[in-house]
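Q:
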Amino acid sequence: MKKKNSPNCGAGSSHPKKGKSDILNIKSEDISIIRFDGIQVRIIKINNEPWFIAKDVCCAMSITNPSKSLNALDLDEKNTITLSYGIQGNPNRQVISESGFYKLISRSRKATIKDSFAYRFTNWVFREVIPSIRKTGSYGVPFAELNDLTKRQEQYKTTSSEYGRNLQSCKETKTRLDSEEREMWRKYQPDLLNDEG
Numbered sequence: 001m002k003k004k005n006s007p008n009c010g011a012g013s014s015h016p017k018k019g020k021s022d023i024l025n026i027k028s029e030d031i032s033i034i035r036f037d038g039i040q041v042r043i044i045k046i047n048n049e050p051w052f053i054a055k056d057v058c059c060a061m062s063i064t065n066p067s068k069s070l071n072a073l074d075l076d077e078k079n080t081i082t083l084s085y086g087i088q089g090n091p092n093r094q095v096i097s098e099s100g101f102y103k104l105i106s107r108s109r110k111a112t113i114k115d116s117f118a119y120r121f122t123n124w125v126f127r128e129v130i131p132s133i134r135k136t137g138s139y140g141v142p143f144a145e146l147n148d149l150t151k152r153q154e155q156y157k158t159t160s161s162e163y164g165r166n167l168q169s170c171k172e173t174k175t176r177l178d179s180e181e182r183e184m185w186r187k188y189q190p191d192l193l194n195d196e197g
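Written out as structure tokens, the structure reads:
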């Protein structure tokens, strides 16, 4: 992980200082992914602290105006990173610190509605994800491993599609050969076909 255009990072605090030119360059090995009820949240490790991709968290929290929510956070609770693992388009993403994440949750009315998705999500994060990060330093699937698995799954799909096309071609060839065989028998021994039904 490299800091662009800034030699200092945080001046002793766990949160990097935020400025116009402060964009962190994040590699795939710095990312893990948690998944809850079909929603993925990417977690970035910055200075051994968990930071969350803001867009993912806002989606999980059903926050409809992420910009407004992020503007309400302190400068040291948000940052911009560059995902350097092949993102198409704009690779820059907003991230929020753990304390910023807590603030988003505490300010969210949806997170207080029992049995809502945001409520269940925050309970899961507080009860499982954060304690695991504190104990083991991580939670979720490392992005590099997930990326490798995804590549192998795509290769499988390509290979199985080729096999499927080959199988379909074989079935068509077999059907054609069976038809030719029937025609041949019909032409040369029509009585044989009548005996077999």
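In full-length UniProt numbering, the protein residues as written are 1 to 197. Even for Gly, the Cβ is constructed at its ideal location relative to N, Cα and C.
(1) Please report the distance separating the alpha-carbon of S132 from that of N92.
(2) Apart from the five residues on each side of it in sequence, which residues of its chain come closer than 6 Å, Cβ to Cβ, to E98?
(3) Using the C-alpha atoms, what's the distance from Q153 back to E181?
(4) Does Q94 come out as helix, strand or coil in the three-state DSSP assignment?
(5) What's the C-alpha gap between R35 and I44?
(6) With a 10 Å radius around its C-beta and 16 neighbouring C-beta atoms as the bar for buried, classify C170 as buried or exposed.
(7) Quick check: what's the CA-CA separation for C59 versus T159?
(8) Quick test of the definition: if touching needs 3 or more C-beta pairs under 8 Å, does the stretch 61-79 touch the stretch 106-115?
(9) Can you tell me which of the three DSSP states I39 falls into?
(10) May I ask you to report which of helix, strand or coil DSSP gives T64?
(11) Taking the beta carbon of residue 201 as the centre, do at least 16 other beta carbons fall within 10 Å, making it buried, or is it exposed?
(12) Using C-beta distances below 7 Å, list every residue in its chain close to D56, excluding the 5 sequence neighbours before and after it, in chain order.
A: Let's see:
(1) Cα-Cα distance, rounded: 27 Å.
(2) Excluding residues within five positions, the ones whose Cβ falls inside 6 Å are P50.
(3) Taking the straight line from one Cα to the other gives about 41 Å.
(4) Three-state DSSP puts Q94 in a strand.
(5) For the pair R35 and I44, the Cα-to-Cα distance works out to about 14 Å.
(6) C170 comes out exposed.
(7) Straight-line Cα distance between these residues: approximately 34 Å.
(8) Yes: the two stretches touch, three or more of their Cβ pairs being nearer than 8 Å.
(9) DSSP, read as helix, strand or coil, puts I39 in strand.
(10) Reduced to three states, the DSSP call for T64 is coil.
(11) The structure shown does not extend to residue 201, since the chain is modelled only from 1 to 197, so the question has no answer here.
(12) If the five residues before and after D56 are omitted, its C-beta is found closer than 7 Å to the C-beta atoms of Q40, V41, R42, all from its own chain and listed in chain order.
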